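Novice:
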Amino acid sequence: MSDSPTPDSRPGDRRAGLRYHERLYVPWWWWPCAAVVVGVVGYEVKIATGHQIWSTVAYIVLAVIAVWLLWSMGRVSVSVTDDRELIAHKARLPVSVIDRAASVPASAKSAALGRQLDPAAYLMHRAWVKTMVLVVLDDPDDPTPYWLVSTRHPDRVIAALGLRDALTESGESNDSGTPSRSTGDEHDD
607 MSDSPTPDSR
617 PGDRRAGLRY
627 HERLYVPWWW
637 WPCAAVVVGV
647 VGYEVKIATG
657 HQIWSTVAYI
667 VLAVIAVWLL
677 WSMGRVSVSV
687 TDDRELIAHK
697 ARLPVSVIDR
707 AASVPASAKS
717 AALGRQLDPA
727 AYLMHRAWVK
737 TMVLVVLDDP
747 DDPTPYWLVS
757 TRHPDRVIAA
767 LGLRDALTES
777 GESNDSGTPS
787 RSTGDEHDD
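Per my numbering: the sequence shown = residues 607 to 795.
Encoded structure:
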């Protein structure tokens, strides 16, 4: 897994011109689990067909499906270009429209994706990645209030964007790890 800046990129390398790049591969232990599932289901097919010789094709078909599924799930990447543009899978976001960014720890992920999620937010979520980065937008032409992007290293993404983590800087956060929003009704007594 490559999850660091790539200053030694070769010409023609897809990662040339990136300050940060991370592939969100599935966990390594999913591959042996998939092999067990292929074996069990393939054996069930073999038993159901009366141990016909052609039933061995089921193993091959199931293996191809499992490999394709796990490979396609791990194709997603998070990148920051030299121009400080955030790329989350196929979506692009220039740093000029970013107001602030914050890391979302694993303990706050369910709240950020659950009760506090804005339906207009852009999500690039992968369940097997425990942490996320929250990027709050300041673009009057875009109704999207923020992006929530899965990443194993939110601090590196924020640093590559040339920003500081809003949560560690201000110290203000609610129980979800998302920045607190003032309603204007608070009073200092």
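Every residue, glycine too, gets a C-beta built ideally from N, C-alpha and C.
Predicted model only: the values in this text are computed from it and were never measured.
Flag this pair as yes or no: are the beta carbons of T687 and R625 separated by less than 8 Å?
Specialist: Translated into positions along the sequence shown, residue 687 becomes position 81. Translated into positions along the sequence shown, residue 625 becomes position 19. Yes, the pair counts as a contact, with Cβ atoms nearer than the cut-off.
Novice: By alpha-carbon positions, which one of A765, L729, L723 and G645 ends up nearest to R698?
Specialist: Here residue 698 is taken as the residue at index 92 of the sequence shown, counted from 1. Measuring from the Cα of R698, the nearest candidate turns out to be L729.
Novice: Fully enclosed by the region 722–758, which beta strand (DSSP E) runs are 3 residues long or longer?
Specialist: Runs of the beta strand (DSSP E) inside the region 722–758: 728–730, 738–743 and 752–756.
Novice: Would you check if the distance between the CB atom of L668 and the CB atom of G648 is smaller than 8 Å?
Specialist: The residue given as residue 668 occupies position 62 in the sequence shown. The residue given as residue 648 occupies position 42 in the sequence shown. Against a cut-off of 8 Å, the Cβ pair of G648 and L668 comes out as a contact.
Novice: When DSSP labels each residue in this structure, what does V703 get in the three-state scheme?
Specialist: Counted from its first residue, the sequence shown places residue 703 at position 97. DSSP places V703 in helix when its eight states are reduced to three.
Novice: Buried or exposed, going by whether 16 or more other CB atoms sit within 10 Å of the CB of W637?
Specialist: On the sequence shown, residue 637 is found 31 positions in, with the first residue counted as 1. The residue in question, W637, is exposed, as its Cβ has fewer than 16 Cβ neighbours within 10 Å.
Novice: Taking only runs of the beta strand (DSSP E) that begin and end inside the region 672–716, which ones reach a length of at least 3 residues, in chain order?
Specialist: If we require 3 residues or more, the beta strand (DSSP E) runs fully inside the region 672–716 come out as 683–687, 691–694, 697–700 and 704–710.
Novice: Helix, strand or coil: which one does DSSP assign to L773?
Specialist: As a first step, residue 773 is located in the sequence shown; it is residue number 167 there, counting from the start. DSSP places L773 in helix when its eight states are reduced to three.
Novice: Helix, strand or coil, according to DSSP, for L624 in the structure here?
Specialist: Translated into positions along the sequence shown, residue 624 becomes position 18. Looking at L624 - three-state DSSP - the assignment turns out to be strand.
Novice: At the level of alpha carbons, what is the spacing between W677 and Y631?
Specialist: In the sequence shown, residue 677 corresponds to position 71, counting from 1. In the sequence shown, residue 631 corresponds to position 25, counting from 1. Their Cα atoms are separated by approximately 8 Å.
Novice: Considering only C-alpha positions, which residue in the set R721, P700, S716 and D745 is nearest to W734?
Specialist: The sequence position of residue 734 within the sequence shown is 128, counting from 1. For the residues R721, P700, S716 and D745, the minimum Cα distance to W734 belongs to S716.
Novice: Could you pull out every residue in the same chain whose Cβ sits closer than 8 Å to the Cβ of D724, ignoring the five residues on either side in sequence?
Specialist: The residue labelled residue 724 in the question sits at position 118 within the sequence shown. Hits under 8 Å: P751 and Y752.
Novice: Mind checking P760: buried by the 16 CB within 10 Å criterion, or exposed?
Specialist: Residue numbering aside, residue 760 sits at position 154 when the sequence shown is read from its first letter. By the 10 Å Cβ count, P760 comes out buried.
Novice: Taking Cβ positions, are V710 and M738 nearer each other than 8 Å?
Specialist: The residue labelled residue 710 in the question sits at position 104 within the sequence shown. The residue labelled residue 738 in the question sits at position 132 within the sequence shown. Yes; because the gap between Cβ atoms is below 8 Å, this pair is in contact.
Novice: For D745 and A654, I'd like the C-alpha separation in whole angstroms.
Specialist: In the sequence shown, residue 745 corresponds to position 139, counting from 1. In the sequence shown, residue 654 corresponds to position 48, counting from 1. C-alpha separation (whole angstroms): 59 Å.
Novice: If I'm right that A694 touches A772 with Cβ under 8 Å, what's the distance once you round it to whole angstroms?
Specialist: Start at 1 with the first residue of the sequence shown, and residue 694 comes out as number 88. Start at 1 with the first residue of the sequence shown, and residue 772 comes out as number 166. The Cβ separation is near 18 Å, so there is no contact.
Novice: According to the Cβ coordinates, are S756 and R732 closer than 8 Å?
Specialist: Taking the first residue of the sequence shown as 1, we reach residue 756 at position 150. Taking the first residue of the sequence shown as 1, we reach residue 732 at position 126. It is a contact, given that the beta carbons lie within the stated cut-off.
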